[in-house]
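Trainee:
Protein chains in written order, with my numbering: chain A, 10 to 503; chain B, 4 to 184; chain C, 13 to 357.
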């Protein structure tokens, strides 16, 4: 597929990353209680394999991934399961079944935690299966199970693995901190992922506003002397780090609409995922922790924190000096695509790369916004990285015109929020499009259901008709035989 | 003001209007819309619940009745206001509110058989217009949720009232979030 | 600790419609100063009538439509319409004609279609076109500008402006002070078989830069337009396309027959060229949607304006050019949808 000659649109945004990156990564000790959501961000839940009252060791499996889009959940600490109930969580829908573990303080480590001896000897299929058991999921924000992505990449014959170190969204800098402090882990993980995905080469992509990270990764690559592992520096434009846009920028191919990156021969993983894979290979730990940026004007000392999955966000914020001023929103993610959470008792998930506590200084402009009609200025189209026409999409969305929505590409929208950001009429475009996609989904589901019901009804009518005809024939044959008692000829029916 | 010119202009405009109107009327009368295609298009807008609340034995007979003018478009509660408006747009009529005489719209529902009370009499099986109940005489019956349209036709035949209606499961929430890191 | 929630994105850039509109008004300042310096204070009189009428008409229309008037009046969009109309009409227009034009622009050009964001036609041009067609004499009577040699003073121009504003019959005392625009004079002259060099040689039609009076207004409008482009209020596509559509044919025509075809420099600095290119054609609501579409849209405006200027009955063709291209916008939009990422073109 031909690549676009210039990067389509996007915008340079204020980064707000300086504050959090100044201090070193805080290694947060295990909390006294963890809240593990069984939906770790991808939209599909794992199935619990424990019950309330069970004692678990650190690293033990507590929920199994039956669905390919769910990822296994492990206990980050040793303790007792005190609750398994639906709670508020940082996932779509706002709620998930959660397993709550009270730490016993004991240092028990589960038997399943064992370093992977010689990952180079494992076949790609074995690597993928082991990663599935270890609950490795994407740490870039979507939480998609890594083994599923790698398996489909191998199936479709992907040739390039792209490691996403772009981190284009404002406020988030956990990947930057990771690359600066553990570039060797990233590179080791890259090699393992490259083999598991079956790709020939691997490219690590970093934005040009992270010079220290670029230097660290360059040195780590040089130490390895692997020709098929390279670094690509891309301009710091939002949303260059979004999967599709990154692939086009690095590999020069376009992901087909409605398709997967693997259809274009590329598979994309986040650098933090690669580092987690390296941790797993060297220590045998399933995915139990991650680095998360805790920042915003509502946090006293912004910084990056390595914390256990399931750590309540309140503990993360406390580790960074606690709240400051009048916090208005607690956002899981960055300022452009993050999800506002209702409570700080929600547990850290694998997909949460940033905890953003905002005050009026940060989001005042959005809060005070008054929506006016669209003046057709076209700024939205000039920044859309997917080449869409948001103003036409808005009209279609308001009119609930499904054919127009499909034709204009509402499903090709990557939900980056840029159109919303630049709109002078301050229309909440991103939200309208999310709603429109939901309406399309529901309408299509209803149409499919109706078509199936129609077909089944026709079959039902035909079946009844055939039964009635057969019954009539049987009745006739019995009646005929009754009228000719001496006739021994074979009768049909019965 | 030239009065003659005004009079002539008015007469010409009126004559044009009459001529064009007559031509349109003749065309409407002579060019019959394809009747069967219309039934298909009406049927495509109906929800296929096959419940019979419109007093026709299924959605297609109702579509035929609408096409022939025997029934109005306001009789389908499962289709709700959305369907009435779609039908009105198709048939170029004004939309009307749903006629409550034919039932009230309900949120999506599916039937559920309480297996502890089911006696296996198999009377509900033929009642289902889409064959969504599996079972056999003296064997357990169950409703295939994915195929149940919520038409409620299985409730009357059941002698032990073991069938109840539950909210239909929501459409899958799966939407891949963009990896905008 | 509990929090309220709201959907992403959680920040916006802070451009607002009022800010855009007031930047446009600010950018019109140089052109306004040039206009007043050369043609007298008539512009200010027209502006005051236009602005008051526009606000009243907008408020009335919103009232009739059952909408909330306050936010719409504060967004400044109707003031932009008033300003553009006031700049386009002769400064000597009686106040009731200025009011009529503005009222028609706001009511028939905007609210009949649904208000802000819904009008398919440029409202200021709707008002201007109605006035031009209905009152051709008044709409083509301009003061002789100050940069034409003569014994007029600016204060005399001021008196003339007030006289016209109050509806005095200007033929009585002000005969030597009013006349047609430069383009108008050139048109009539060409019809009388004079050649261009002869016409342009006469000092009262054109100076070194371009048309008398209008050249400076155009230069100032160009400055304002470049300012808007630098501030990203206006993107380059429409203005450059309009100028291209006007100047390229005139360059060719002038090369072929310099006796009767105006050259690009003269075209650029006469009439309402720069005003139209940077301020009128760039009205986002009535313009095409995509960047490529806007290039076609602008080029069409420039070309039609050139055609009207060369062969049409009116001396300056921008109003009709804009309105005609407004009609073509749905067609342009249909065929200039940008390619969506991941789809074949």
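Heads up, the beta-carbon is just placed ideally off N, CA and C, and yes, glycines get one too.
Between the beta-carbon of residue 364/A and the beta-carbon of residue 280/A, is there less than 8 angstroms?
Mentor: Reading the first chain from its first residue, position 355 is the one you call residue 364/A. Reading the first chain from its first residue, position 271 is the one you call residue 280/A. Not a contact, by the Cβ cut-off of 8 angstroms.
Trainee: Give me the Cα-Cα distance between residue 41/C and residue 236/C, rounded to the nearest whole angstrom.
Mentor: Reading the third chain from its first residue, position 29 is the one you call residue 41/C. Reading the third chain from its first residue, position 224 is the one you call residue 236/C. Looking at the two C-alpha atoms, the distance is approximately 8 angstroms.
Trainee: Can you list, in chain order, the residues of its chain with a C-beta nearer than 6 angstroms to that of residue 313/C? Leave out the 5 residues immediately preceding and following it.
Mentor: As a working mapping, residue 313/C is identified with position 301 in the third chain. 254, 293, 333, 334, 337.
Trainee: If you drop the 5 nearest sequence neighbours on each side, which residues of the same chain put their C-beta closer than 8 angstroms to that of residue 37/C?
Mentor: In the third chain, residue 37/C corresponds to position 25, counting from 1. Within the same chain, residue 37/C has close Cβ partners 88, 91, 92, 95.
Trainee: Is residue 174/B close to chain A, meaning its C-beta is less than 8 angstroms from at least one C-beta of that chain?
Mentor: Along the second chain, one-based indexing puts residue 174/B at 171. Chain A, which has a Cβ nearer than 8 angstroms to the Cβ of residue 174/B, makes this yes.
Trainee: Which value, in whole angstroms, describes the spacing of the CA atoms of residue 311/C and residue 344/A?
Mentor: Taking the first residue of the third chain as position 1, residue 311/C is located at position 299. Taking the first residue of the first chain as position 1, residue 344/A is located at position 335. Their Cα atoms are separated by approximately 40 angstroms.
Trainee: Quick one: using the 10 Å Cβ neighbour count with 16 as the cut-off for buried, is residue 215/C buried or exposed?
Mentor: Working through the third chain from its first residue, we reach residue 215/C at position 203. Under this definition residue 215/C is an exposed residue.
Trainee: In this structure, how does DSSP classify residue 28/B when only helix, strand and coil are distinguished?
Mentor: Taking the first residue of the second chain as 1, we reach residue 28/B at position 25. Residue 28/B falls in the helix class under three-state DSSP.
Trainee: Using a Cβ-Cβ distance cut-off of 8 angstroms, determine whether residue 169/A contacts chain C.
Mentor: As a working mapping, residue 169/A is identified with position 160 in the first chain. No, its Cβ sits nowhere closer than 8 angstroms to a Cβ of chain C.
Trainee: For residue 150/B, go through chain A and note every residue whose CB falls closer than 8 angstroms to its CB, in chain order.
Mentor: Working through the second chain from its first residue, we reach residue 150/B at position 147. By Cβ distance, chain A contributes 461, 462, 465.
Trainee: For the segment 122 to 187 of chain A, which segments carrying the beta strand (DSSP E) assignment without a break, of at least 3 residues, lie completely within its bounds, in sequence order?
Mentor: Those beta strand (DSSP E) runs which fall completely within the segment 122 to 187 of chain A and span 3+ residues are 169 to 174.
Trainee: Taking 7 angstroms as the cut-off, is the CB of residue 21/A close to at least one heavy atom of the ligand FAD?
Mentor: For the structure depicted, the ligand FAD is absent and the ligand set is empty, with no information on it obtainable.
Trainee: Report yes or no: is there a C-beta of chain A within less than 8 angstroms of the C-beta of residue 153/B?
Mentor: Stepping through the second chain from its first residue, residue 153/B is reached at position 150. No, because no Cβ of chain A sits closer than 8 angstroms to the Cβ of residue 153/B.
Trainee: Between the Cα of residue 452/A and the Cα atoms of 481/A, 490/A, 410/A, which residue gives the shortest distance?
Mentor: For the purposes of this step, residue 452/A is taken as the residue at position 443 of the first chain. The candidate whose alpha carbon is nearest that of residue 452/A is 410/A.
Trainee: At what residues does the alpha helix (DSSP H) containing residue 322/A begin and finish?
Mentor: Sequence index remark: in the first chain, residue 322/A carries index 313 (1-based). Residues 322 to 328.
Trainee: For residue 43/B, is the classification buried or exposed, using 16 other Cβ atoms within 10 angstroms of its Cβ as the cut-off for buried?
Mentor: Taking the second chain and counting its residues from 1, one reaches residue 43/B at position 40. Burial call: exposed.
Trainee: Per DSSP, which one or two residues make a beta bridge with residue 493/A?
Mentor: Taking the first residue of the first chain as position 1, residue 493/A is located at position 484. Looking at the DSSP assignment, residue 493/A forms no beta bridge with any residue, so it has no partner.
Trainee: Run the CB neighbour count on residue 46/B, radius 10 Å, all protein chains shown included, and call it buried at 16 or more, exposed below.
Mentor: For this step, residue 46/B is matched to residue 43 along the second chain. Counting Cβ neighbours within 10 Å, residue 46/B comes out buried, since at least 16 surround it.
Trainee: Within the same chain, show all residues whose beta-carbon is closer than 8 angstroms to that of residue 353/A, passing over the 5 residues directly before and after it, in chain order.
Mentor: For the purposes of this step, residue 353/A is identified with residue 344 of the first chain, where counting begins at 1. Contacts found: 321, 322, 323, 326, 339.
Trainee: Going by Cα to Cα distance, which pick from 281/C, 238/C, 251/C is closest to residue 222/C?
Mentor: Locating residue 222/C in the third chain gives position 210, counting from the first residue. Residue 281/C is the option with its Cα nearest to residue 222/C.
Trainee: Buried or exposed: residue 155/B, going by 16 or more other Cβ atoms within 10 Å of its Cβ?
Mentor: Here residue 155/B corresponds to residue number 152 of the second chain, with the count starting at 1. Counting Cβ neighbours within 10 Å, residue 155/B comes out buried, since at least 16 surround it.
Trainee: May I ask which residues mark the beginning and end of the alpha helix (DSSP H) holding residue 200/C?
Mentor: Numbered from its first residue, the third chain carries residue 200/C at position 188. 194 to 203 is the extent of the alpha helix (DSSP H) around residue 200/C.
Trainee: Return the residue from the list 291/A, 358/A, 308/A, 394/A that minimises the CA-CA distance to residue 352/C.
Mentor: Within the third chain, numbered from 1, the residue matching residue 352/C stands at position 340. The shortest Cα separation from residue 352/C among 291/A, 358/A, 308/A, 394/A belongs to 394/A.
Trainee: Nearest CA to the CA of residue 62/C: which residue from 33/C, 14/C, 111/C?
Mentor: Taking the first residue of the third chain as position 1, residue 62/C is located at position 50. Residue 62/C has its Cα closest to that of 111/C, out of 33/C, 14/C, 111/C.
Trainee: In chain order, which alpha helix (DSSP H) runs of at least 4 residues are fully inside the segment 45 to 103 of chain B?
Mentor: Fully enclosed alpha helix (DSSP H) runs of 4 or longer: 62 to 71, 83 to 94.
Trainee: Which residues bound the alpha helix (DSSP H) around residue 389/A?
Mentor: Counted from its first residue, the first chain places residue 389/A at position 380. From DSSP, the alpha helix (DSSP H) with residue 389/A extends over 388 to 392.
Trainee: Within the same chain, show all residues whose beta-carbon is closer than 7 angstroms to that of residue 294/A, passing over the 5 residues directly before and after it, in chain order.
Mentor: The count along the first chain starts at 1 and reaches residue 294/A at position 285. Once the five neighbours on either side are set aside, the close Cβ partners of residue 294/A are 68, 122, 288.
Trainee: For chain A, is any of its Cβ atoms less than 8 angstroms away from the one on residue 243/C?
Mentor: Locating residue 243/C in the third chain gives position 231, counting from the first residue. Not one chain A Cβ lies under 8 angstroms of residue 243/C.
Trainee: Return yes when the Cβ of residue 151/C is within less than 8 angstroms of the Cβ of residue 102/C, no when it is not.
Mentor: For this step, residue 102/C is matched to residue 90 along the third chain. For this step, residue 151/C is matched to residue 139 along the third chain. Result yes, Cβ atoms of residue 102/C and residue 151/C sit closer than 8 angstroms.
Trainee: Buried or exposed, going by whether 16 or more other CB atoms sit within 10 Å of the CB of residue 49/A?
Mentor: The residue labelled residue 49/A in the question sits at position 40 within the first chain. Residue 49/A should be labelled buried.
Trainee: Figure out for me which residue from 259/C, 85/C, 172/C has the closest Cα to the Cα of residue 71/C.
Mentor: As a working mapping, residue 71/C is identified with position 59 in the third chain. It is 85/C.
Trainee: Could you tell me the distance, in whole angstroms, from the CA atom of residue 169/C to the CA atom of residue 154/C?
Mentor: To locate residue 169/C, count along the third chain from 1; it is residue 157. To locate residue 154/C, count along the third chain from 1; it is residue 142. Going from the Cα of residue 169/C to the Cα of residue 154/C covers about 11 angstroms.
Trainee: Between the alpha carbons of residue 467/A and residue 126/C, how many angstroms are there, rounded?
Mentor: Here the question's residue 467/A lines up with position 458 in the first chain. Here the question's residue 126/C lines up with position 114 in the third chain. Cα-Cα distance, rounded: 48 angstroms.
Trainee: With a CB to CB cut of under 6 angstroms and the five nearest residues on each side skipped, what residues in its chain are close to residue 229/C?
Mentor: Position 217 of the third chain, counted from the first residue, corresponds to residue 229/C. Closer than 6 angstroms at the Cβ level, and outside the excluded window around residue 229/C, lie 43, 46, 47.
Trainee: Please check if any C-beta of chain B sits within less than 8 angstroms of the C-beta of residue 469/A.
Mentor: Taking the first chain and counting its residues from 1, the one referred to as residue 469/A is at position 460. By this cut-off, residue 469/A is an interface position.
Trainee: Please identify, using Cβ separations under 8 angstroms, the residues of the segment 328 to 351 of chain A that lie next to chain C, in order along the chain.
Mentor: Here the close residues are 332, 336, 337, 338, 339, 340, 342, 344, 345, 346, 347, 348, 349, 350, 351.
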